[in-house]
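This report refers to the structure that appears directly beneath it.
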């Protein structure tokens, strides 16, 4: 690995400062926060402004905000992202941690489609495949994705007078009951499915967001009932949430703390 260039490192440090606060900074702010000499900061700010990485804030002399160049670079990065490929990488990492089957799925109509999957190494595990389609209301990923829809979008996809498909005795078949379940999921930010699509498997799922904050997928962990317990559920909920955040960040999402 080559040597880091101090001037480039400092320039990047300055740009990353704009990720915090209200997104505007003055040269004295940068000097104070990075503990750099004023002359150095002045030269770096002048260079970044000349290349459109930062621009003056109208009506606020001496203050800067990010310019168009970082947006152009970010947009090009977003164009190159592959949700399925990134999902497979994150699913593999999560599966290595918990040794359970991990899926990433998207919503299409009233179904979910699994776009990434990594198997557990246990002899007893959920059997599925990438590309498989299931009714959304019977799965944790599907319920997570349905919970992200507006009431109008949900009503278009699942009218209140339509009986839902039953896959197991535990499947939700009443639209009102589903809406009650989705309300809980929205509040918790985690979906749980107990033997609703497979009588021998329970799952947890968390939302995956793109760079705009929109939910575009969900990541789930599926567990055979012989390894399922309340304690295990809590552990896997935390792991699914962490994996979903990791995948969201790979897609360009940055949560607001």
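In full-length UniProt numbering, the protein residues as written are 1 to 257. Virtual Cβ for every residue (Gly too), placed ideally from N, Cα, C. Predicted model, so just to flag it, every value in this text is computed and none were measured.
DSSP places residue 113 within a strand segment (E or B) once states are collapsed to three. A direct Cα-to-Cα measurement between residue 157 and residue 120 gives close to 33 Å. Residue 249 has its alpha-carbon roughly 23 Å from the corresponding atom of residue 24. Restricting attention to 161, 169, 113, 118, the CA atom closest to the CA of residue 143 is found in 113.
For residue 209, the pairing in a beta bridge is given by DSSP as 215.
Boundaries of the beta strand (DSSP E) around residue 191: 191-194.
In the same chain as residue 26, and ignoring 5 residues on each side of it, the C-beta atoms closer than 6 Å to its own belong to 62, 63, in chain order. Residue 204 counts as buried, since no fewer than 16 other beta carbons sit within 10 angstroms of its beta carbon. Taken through DSSP and simplified to helix, strand or coil, residue 163 comes out as coil. Around the CB of residue 71, fewer than 16 other CB atoms lie within 10 Å, so the residue is classed as exposed. Here the segment 230-238 does not lie against the segment 207-218, with fewer than 3 beta-carbon pairs under 8 Å apart. Contact between the segment 84-101 and the segment 45-59 is not established, with fewer than three Cβ pairs separated by less than 8 Å.
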